[in-house]
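Number of protein chains: 2
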Amino acid sequence: MKTPAKRVPGSSRASKVPLAATSALSLTVDRDLQLPIYLQICQRFKTAIAQGHLRPGDRVPAVRGLASELNLARGTVEAAYRLLADEGYLLVRGAAGTVVSPGLINVSGQKALKITPPAQQIPQTEQRAAQPVILPFQMGLPALDAFPRKVWNRIVARRLRSGGVASLSYPDAAGYWPLRERVATYLGLSRGVVCAPEQVFITAGYRAALELVLHTLSRRGDKIWFEDPGYMNARKFLSESGVRLVPVPVDQDGIMVGQGRKLAPDARFALVTPSHQSPLGVTLSLERRMALLAWAGAGKPEERSWIIEDDYDSEYRYQGRPLPALKSLDRDDRVIYTGTFSKVMFPGLRLAYMVAPAGEVARFQRGSAGMRASSPYLFQASVADFMAEGHFSRHLKKMRSLYAHRRAITAQALLQVFGDSMKIDLQAGGMHLLATLQDGEEDTAIAARARQHGLSVHGLSDFCIAAQRPPGLLLSFTNIVDTDHALRVAQQLKRAFD
Amino acid sequence: MKTPAKRVPGSSRASKVPLAATSALSLTVDRDLQLPIYLQICQRFKTAIAQGHLRPGDRVPAVRGLASELNLARGTVEAAYRLLADEGYLLVRGAAGTVVSPGLINVSGQKALKITPPAQQIPQTEQRAAQPVILPFQMGLPALDAFPRKVWNRIVARRLRSGGVASLSYPDAAGYWPLRERVATYLGLSRGVVCAPEQVFITAGYRAALELVLHTLSRRGDKIWFEDPGYMNARKFLSESGVRLVPVPVDQDGIMVGQGRKLAPDARFALVTPSHQSPLGVTLSLERRMALLAWAGAGKPEERSWIIEDDYDSEYRYQGRPLPALKSLDRDDRVIYTGTFSKVMFPGLRLAYMVAPAGEVARFQRGSAGMRASSPYLFQASVADFMAEGHFSRHLKKMRSLYAHRRAITAQALLQVFGDSMKIDLQAGGMHLLATLQDGEEDTAIAARARQHGLSVHGLSDFCIAAQRPPGLLLSFTNIVDTDHALRVAQQLKRAFD
Chain D
2 MKTPAKRVPG
12 SSRASKVPLA
22 ATSALSLTVD
32 RDLQLPIYLQ
42 ICQRFKTAIA
52 QGHLRPGDRV
62 PAVRGLASEL
72 NLARGTVEAA
82 YRLLADEGYL
92 LVRGAAGTVV
102 SPGLINVSGQ
112 KALKITPPAQ
122 QIPQTEQRAA
132 QPVILPFQMG
142 LPALDAFPRK
152 VWNRIVARRL
162 RSGGVASLSY
172 PDAAGYWPLR
182 ERVATYLGLS
192 RGVVCAPEQV
202 FITAGYRAAL
212 ELVLHTLSRR
222 GDKIWFEDPG
232 YMNARKFLSE
242 SGVRLVPVPV
252 DQDGIMVGQG
262 RKLAPDARFA
272 LVTPSHQSPL
282 GVTLSLERRM
292 ALLAWAGAGK
302 PEERSWIIED
312 DYDSEYRYQG
322 RPLPALKSLD
332 RDDRVIYTGT
342 FSKVMFPGLR
352 LAYMVAPAGE
362 VARFQRGSAG
372 MRASSPYLFQ
382 ASVADFMAEG
392 HFSRHLKKMR
402 SLYAHRRAIT
412 AQALLQVFGD
422 SMKIDLQAGG
432 MHLLATLQDG
442 EEDTAIAARA
452 RQHGLSVHGL
462 SDFCIAAQRP
472 PGLLLSFTNI
482 VDTDHALRVA
492 QQLKRAFD
Chain L
2 MKTPAKRVPG
12 SSRASKVPLA
22 ATSALSLTVD
32 RDLQLPIYLQ
42 ICQRFKTAIA
52 QGHLRPGDRV
62 PAVRGLASEL
72 NLARGTVEAA
82 YRLLADEGYL
92 LVRGAAGTVV
102 SPGLINVSGQ
112 KALKITPPAQ
122 QIPQTEQRAA
132 QPVILPFQMG
142 LPALDAFPRK
152 VWNRIVARRL
162 RSGGVASLSY
172 PDAAGYWPLR
182 ERVATYLGLS
192 RGVVCAPEQV
202 FITAGYRAAL
212 ELVLHTLSRR
222 GDKIWFEDPG
232 YMNARKFLSE
242 SGVRLVPVPV
252 DQDGIMVGQG
262 RKLAPDARFA
272 LVTPSHQSPL
282 GVTLSLERRM
292 ALLAWAGAGK
302 PEERSWIIED
312 DYDSEYRYQG
322 RPLPALKSLD
332 RDDRVIYTGT
342 FSKVMFPGLR
352 LAYMVAPAGE
362 VARFQRGSAG
372 MRASSPYLFQ
382 ASVADFMAEG
392 HFSRHLKKMR
402 SLYAHRRAIT
412 AQALLQVFGD
422 SMKIDLQAGG
432 MHLLATLQDG
442 EEDTAIAARA
452 RQHGLSVHGL
462 SDFCIAAQRP
472 PGLLLSFTNI
482 VDTDHALRVA
492 QQLKRAFD
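Chains as they are written, first to last, in the working numbering: chain D, 2 to 499; chain L, 2 to 499.
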C-alpha cells in the first residue's frame, strides 16, 4: 500500500488509492481529479462520521502516518484536518492525538426522539451519509428532538397521496394560497398584524424573504439602518446585495432611532428586530417604536422609508406576554413584516414568509414572479394543514415551557461551572443566552477555541460593526436536554478558557 | 344587496359585502383593507376556478352588473377582469360576454393520470385552492400526466418515515451528499462529464444555480456573452444581477463565437445552451465548441473566461444519439455545467444542479454556505433513491418515445389547420416546436391574443435582443395528449390569427 497507484496519463479512469488504516472508512483519494486532495479527504471523513464508521471520540490516524501511507505531503493531510477541526468534526488534542469531536451530537436515531447527549450515542446501523449534525450551543435551531414528527409525517404523507398532477408543476411564486390565508389569520390572532392573504408571500427561508424585499423595493446604493450589534447572516447578505449598511447603535431600549436619524436621515430602509433584538435580546421600547414609525412615514411619498421587521423568534417569551409586532402599530403602511417557520417548526422546511405593505402588493407580486424562487407545494400544503389542525399552536405552547426549562438548566450549569467569572443575563425571551465575560477576555478567540472542542459558540464581538460591548458568548439552550448534558457541555466550554 | 354594508370608521372588523350573483363563489370584498379591491376580486376568482366553483366555459357576471352590485366603479372590475384575462383565466369575447377560459386544463383529477383535454374536464370535488393550471402549449413543462407518481410517492413516503431528527435541521448548503454522488455518476455515464461528487452542487432550481455561479465568481460590471435570441428568464435574471449582457448572435451552428470575440473579447462569462439552443433548438457545432473553449482558456489565469453550459433539456433527442456535453471537451477546467430535474422529473421539485470547475470547489463551497439557500432534505434524498433504483433512466427512456409521438401529432395538427401559412421546423430534440410564420406577421401580437384565448404561447421576437429573425411562435408539445386534443388547440391558436 506504500506505493501509490501508477498514474496513467490521459486515462479517463481514475486511479484509486485505498487507505490501509482507514479501509473501514472506504477512504480513497483520486489523483486524476483536479479537485484538491485535502478536500477529498475532508469529505470522506465527514461521510464516515455521518455513516457511523467513525464515532465521536475515535482516534484518527496521525498526520505523519496518513501522509506516508497515501504518499502525500504532510501539509495536505494537515490542511484537511485543520478544516475538519474548524468545522467541528475533529478535535485536535496536541500530544494526546486527534479524535472525532466528542461533542458531536449524532441525532439520527430511528425512533428515539431524545437527543443523545455527547459521548454516549449509539452508532447508526443504517447508512445515512452526510446528514447534518447538531453541535452543543448551536444557534438558530429549535429543539429538534421535541418536534412532533409522527403527526407531521402523517400530514405530509396524506398531502403526498392527494397531491394531484397539478402539484407537480411550478408552484405559485407568491406561495400556496391556503398557507397564505393561514399565516394571515395566525398573524392577526397572535401578533396583532392585520393583513389580507394577498399581502403574505411565502419564501424559501428568511434570506429569500429579505431578497424579495430588496429585489422589489431597493435601488443600488440605497442606505439601510442596521442594528449594531446585529444578526451576522443578514449583514453578510445585505452587504452583498448592493445596499449601503449604516450601523446604528443598540442600547437597553433597542435600536437608537435618534442616532439613526443623525447618521442617515435619508435611509430608504431600516432592518430591525423589535421583539427580541438579535443578538442582545432587548425589546424595542414603545417610545422608540413610535419614533421609528414617525421617521419612516415623514415627508413626501418619495422621501418615506421602509421598515423591515424581522420577528424571527418573537413566539418565545418566558416572562410576561408576547408583545404585539411593530407592524401592529403601523398606521402609514411603512412596515414590511417577516417571520419564519424555522424556529417554531424546523429549519429543514426552508419556509419563511413576509407581509407586503397593502399598497405594494402588485409590485411584490411582480417581484416574486420575476424571481422564480418558489418552494415545493408539498411542504407548503402540509404546513397549512399543520396550522389548520391546531398542531402549530399546540407545539408552540409546549415549546414555551420546554425552553423555559432548558434555559434554566443551562444557565444553572454555567453558573455552577463558571461562578462569578461569567454573568448570565436572562432576557424575557428567545432561544439563546448571552453570557457576559470579564473585561479583557477575548470572546472571539474563546469562541474559536470552543469550536475546536466541538461546540458551536459565537463571540458577541463578531456581531458588532462599530459597537463596543463587553465581551460575551452567545449560547443556544434549545437542544440541551437535561442537567447532565448541560453540565457536560458547560465543562467542555470551560476548557476553551484555559 | 344593492346597498353596500355601512362602513364603521376606525372599526377593526372588516365590513364584508357578499355578492348575490356570485355567492356560490364566496366572493367578498373587504373595504377596510388597504389592498386594492381589484386584486381582491382577482384572487377570489382564481380560488373559485381552482376549487371548481367556476368551470372552464362558465360565464362570469358582466362588468357593469358586478360593479353595480358591489357599488364599485366599473374601472375597478374592468381592471380585475383585464388582469385575469392577461393571466389566461378569463376569455373576453366582446359582445358574446366573458367566460372562464375554456382552454384551462384542470389537472387535479385524483387518480386519472390523463390530462383532460380542454372543455371536457370534470370539476373538482375536493377543495384544492390556487393550484397551478397547465395551459396548452405551455413551455418548460414535462408531460406531467406521464410522471410515475405512484413510484415517486412510495419513495418519498419511505424517506419521510426513515428521516431521523437530523433531517429536520438545516440541510447541507452544497446539497445532500448521496444525491451529489448520484448526479456525478449520471453525468459521467449519460453526458460524458467526468466529475467528483464534491464538484456537484444542488440548488433550488436553475435560477438558483446561476445565482450561485455569479455570487461565487462574478464582480459587478463583468461582461457576459448571451445568446441572441436566448432564454428570456435567464436574460431577466442576469440583467438584474449586476453583470453586463453582451448579446451574441446565433445561427444554424449555435452561438457565433467569432462575433463574440469581436464584440467582447474580454468577457468574463459566456452563457450557452450547446445541446439544444434555447429557443432556436440548433446544436452548437464541434468547430464552434472548440473555438469557444479556446477563447475561454486563452491568456494568463486572470484573463481567462468561464463558460456556463445550460444543458436544460439535452436528455430529449429524437433523431440520432444525444451529443456529449460541452463540458466533456473541457481540458482547461473553464466550463461550469448546469442541469435541472425540472424537465426529466417535474418542476414542482425545485431542484437543479451545477458542476463547479475542479479548481474552484473550495470557493463554491464557501459561496453556497454564504447563500444559505439549501433545499429540503426530503426531496433531495428521494431523488437520489429515484435515480439509484433505476426509475430515473426508465422514465427518461419512456418520455423520449412519448415526446416523439406528441411532437408528431402536434406538428401534424398544426399543418392540417394552418397549411402553408406556418412552417414547422422539427429539430433534433427538445420539448417545444418553433413555428415560423409568414413575413410581416407580428408574432408577439399573435402570442398575446393567443394568451387571451387561454393558450400559453410565446413570440420568438420576445427572445431576441438585437437579432432579426423571421416571426415565429414557440409551442410546447409535451402536454398535448392525443390527436383530438392537438387539433382542438391548433384551432384555438388559429383564432388568434383572425
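Quick reminder that beta carbons are idealized off the backbone N, C-alpha and C, glycines included.
Scanning its chain for C-beta atoms nearer than 6 Å, with the 5 sequence neighbours on each side dropped, one finds around D:LEU350 the residues PHE342, PHE380, in chain order. Listed in chain order, the positions of the region 326 to 360 of chain D with a beta carbon within less than 7 Å of a beta carbon of chain L are ASP334, PHE347, PRO348, GLY349, LEU350, ARG351, ALA359, GLY360. Counting C-beta pairs closer than 8 Å gives three or more between the region 232 to 249 of chain L and the region 208 to 219 of chain L, which meets the contact rule.
At least one CB of chain L lies nearer than 8 Å to the CB of D:ARG162.
If only uninterrupted beta strand (DSSP E) runs of at least 3 residues are considered, those enclosed by the region 320 to 374 of chain L are 336 to 341, 353 to 356. The beta carbons of L:SER163 and L:TYR378 sit about 11 Å from each other, so the pair does not count as a contact at 8 Å. By the Cβ-count criterion, L:PHE365 is buried, with 16 or more other Cβ atoms from all chains shown falling within 10 Å of its own Cβ. Taking a 10 Å sphere around the C-beta of D:PHE238, we find 16 or more other C-beta atoms and assign the residue as buried. At least one CB of chain D lies nearer than 8 Å to the CB of L:PRO172. In this chain, the alpha helix (DSSP H) harbouring L:SER191 covers 178 to 192. Where D:LEU294 is concerned, the enclosing alpha helix (DSSP H) starts and stops at 287 to 298.
In the DSSP annotation of this structure, L:ASP254 is not part of any alpha helix (DSSP H), being labelled neither H nor E.
Cα atoms of D:PHE270 and D:LEU294: separation of roughly 12 Å, rounded to the nearest angstrom. Taking 8 Å as the threshold, the shortest C-beta distance from D:ARG192 to chain L does not fall below it. About 6 Å separates the beta carbon of D:ILE50 from that of D:TYR90, a gap short enough to meet the 8 Å contact definition. The alpha-carbon separation between L:SER375 and D:GLN41 amounts to approximately 22 Å.
Rounded to the nearest whole angstrom, the C-alpha separation of D:TYR404 and D:GLY431 is 9 Å. When D:ALA144, D:ARG262, D:GLY165 are compared, the shortest CA-CA separation from D:ARG401 is found for D:ALA144.
Nearest to L:LEU476 by C-alpha distance, out of L:ALA86, L:LEU136, L:LYS224, L:SER422, is L:LEU136.
Across the region 378 to 402 of chain L, CB contacts with chain D closer than 7 Å involve TYR378, PHE380, in sequence order along the chain. The region 252 to 259 of chain D and the region 277 to 292 of chain D touch, with no fewer than 3 CB-CB distances between them shorter than 8 Å. D:LEU415 and D:LYS344 have their alpha carbons spaced roughly 24 Å apart.
In the DSSP assignment, D:ASP229 falls within the unbroken beta strand (DSSP E) covering 224 to 229. Closest by C-alpha distance to D:ASP444, out of D:CYS465, D:ALA429, D:PRO275, is D:CYS465. If you draw a straight line from the Cα of D:PRO358 to the Cα of D:ILE337, it comes to about 6 Å. Going by DSSP, D:ILE466 is part of no alpha helix (DSSP H) at all; its letter is neither H nor E. One finds MET372, ARG373, ALA374 in chain D with Cβ atoms closer than 9 Å to the Cβ of L:ARG208, taken in chain order. What D:GLN41 touches in chain L, judged by beta-carbon distance under 8 Å, is ALA197, GLU199, going in chain order.
Straight-line measurement puts the Cα of D:ARG290 at about 21 Å from the Cα of D:GLN320. Neighbours of L:VAL184 across chain D, judged by C-beta separation under 8 Å, do not exist; the nearest C-beta is about 14 Å away. Neighbours of L:PHE46 in chain D, taken as residues whose beta carbon is under 8 Å from its own, are absent, since the nearest beta carbon is some 12 Å off. DSSP, reduced to helix, strand and coil, places D:GLU442 outside both helices and strands of the structure shown, so it counts as coil. DSSP, reduced to helix, strand and coil, places L:GLU212 within a helical segment of the structure shown. Secondary structure of D:HIS277 (DSSP, three-state): coil. Going by beta carbons, D:ALA382 and D:ARG160 fall inside the 8 Å limit. Contact of L:PRO137 with chain D is not assigned, every C-beta pair being separated by 8 Å or more.
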